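In full-length UniProt numbering, the protein residues as written are 1 to 164.
This is the structure:
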């Protein structure tokens with residue numbers, strides 16, 4: 001990877017590794033736990049959401065729409081109510097992490113194909129907004145850190161729930 005791309009990639013890779021440490025040991029009940037009042041997104045929903053959002057960014061960097069077969073495999077960004085889609089109760093932690101790992105591998109491959117000049121190219125995202133690839137890569141890391149705070153809170157709430 002070229003220097004600037006490698007630096008940007010490293011922020012995402014580091015953040016992803018932090019996420020893997022944060023969710024280590026999550027079992028199925030905790031994966032589906034939605035907080036003390038039952039109105040939070042579950043860890044499972046958040047992991048799926050992060051993978052789907054990152055996947056969309058990879059295809060934006062390529063200047064391509066998300067292929068239909070990939071849309072079917074990973075699902076939508078949001079449900080018909082504008083919320084994070086629920087996950088099947090049969091979805092396992094391992095399945096979610098394998099899917100996310102596959103997305104991270106695609107992201108790494110894409111970064112290897114980017115030049116330092118490429119990061120200044122503009123891509124279109126959400127509702128016609130525009131951003132440089134540089135900003136998009138930074139956003140992937142920032143978005144993950146944002147939801148890691150939610151996951152840490154859910155884990156704390158779940159531990160308290162078990163102690164009752």
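Even glycine gets a Cβ: it sits at the ideal position worked out from N, Cα and C.
Note that the structure is predicted; figures quoted are calculated from it, not measured.
Hey, how far is the Cα of residue i from the Cα of residue j?
{"i": "residue 159", "j": "residue 35", "result": "11 Å"}
{"i": "residue 69", "j": "residue 76", "result": "12 Å"}
{"i": "residue 105", "j": "residue 37", "result": "36 Å"}
{"i": "residue 63", "j": "residue 112", "result": "16 Å"}
{"i": "residue 116", "j": "residue 127", "result": "27 Å"}
{"i": "residue 119", "j": "residue 66", "result": "20 Å"}
{"i": "residue 123", "j": "residue 129", "result": "8 Å"}
{"i": "residue 4", "j": "residue 157", "result": "39 Å"}
{"i": "residue 18", "j": "residue 107", "result": "17 Å"}
{"i": "residue 74", "j": "residue 163", "result": "35 Å"}
Mind checking residue i: buried by the 16 CB within 10 Å criterion, or exposed?
{"i": "residue 28", "result": "exposed"}
{"i": "residue 49", "result": "buried"}
{"i": "residue 149", "result": "exposed"}
{"i": "residue 161", "result": "exposed"}
{"i": "residue 45", "result": "buried"}
{"i": "residue 109", "result": "exposed"}
{"i": "residue 81", "result": "exposed"}
Among the residues of its own chain, which have a CB less than 6 Å from the CB of residue i, if the five just before and after it don't count?
{"i": "residue 99", "result": "51"}
{"i": "residue 137", "result": "8"}
{"i": "residue 93", "result": "26 and 31"}
List the whole-angstrom C-beta distance separating residue i from residue j, where the pair is believed to meet the contact cut-off of C-beta under 8 Å.
{"i": "residue 31", "j": "residue 42", "result": "7 Å"}
{"i": "residue 140", "j": "residue 12", "result": "5 Å"}
{"i": "residue 15", "j": "residue 134", "result": "In fact, because the Cβ distance is near 16 Å, the residues do not count as touching under 8 Å."}
{"i": "residue 78", "j": "residue 85", "result": "7 Å"}
{"i": "residue 22", "j": "residue 152", "result": "6 Å"}
{"i": "residue 40", "j": "residue 154", "result": "6 Å"}
Please work out which residues of its chain come closer than 7 Å, Cβ to Cβ, to residue i, disregarding the five sequence neighbours upstream and downstream, and give them in chain order.
{"i": "residue 142", "result": "none"}
For residue i, which residues of its own chain have a beta-carbon under 8 Å away from its beta-carbon, when the five flanking residues on both sides are left out?
{"i": "residue 125", "result": "56, 57, 60, 131 and 136"}
Please report the residue range of the beta strand (DSSP E) in which residue i lies.
{"i": "residue 123", "result": "122 to 125"}
{"i": "residue 132", "result": "129 to 132"}
Please find out if some non-hydrogen atom of the ligand ADP comes closer than 7 Å to the beta-carbon of residue i.
{"i": "residue 62", "result": "Although the ligand ADP was asked about, the structure shown includes no ligands whatsoever."}
If I follow the unbroken alpha helix (DSSP H) through residue i, where does it start and stop?
{"i": "residue 95", "result": "93 to 112"}
{"i": "residue 11", "result": "3 to 22"}
{"i": "residue 31", "result": "28 to 31"}
{"i": "residue 47", "result": "43 to 62"}
{"i": "residue 166", "result": "The question about residue 166 has no answer, for the chain in this structure spans 1 to 164."}
Please tell me whether residue i has its Cβ less than 8 Å away from any Cβ of chain D.
{"i": "residue 100", "result": "Judged by its chain identifiers, the structure shown contains no chain D, having just a single protein chain."}
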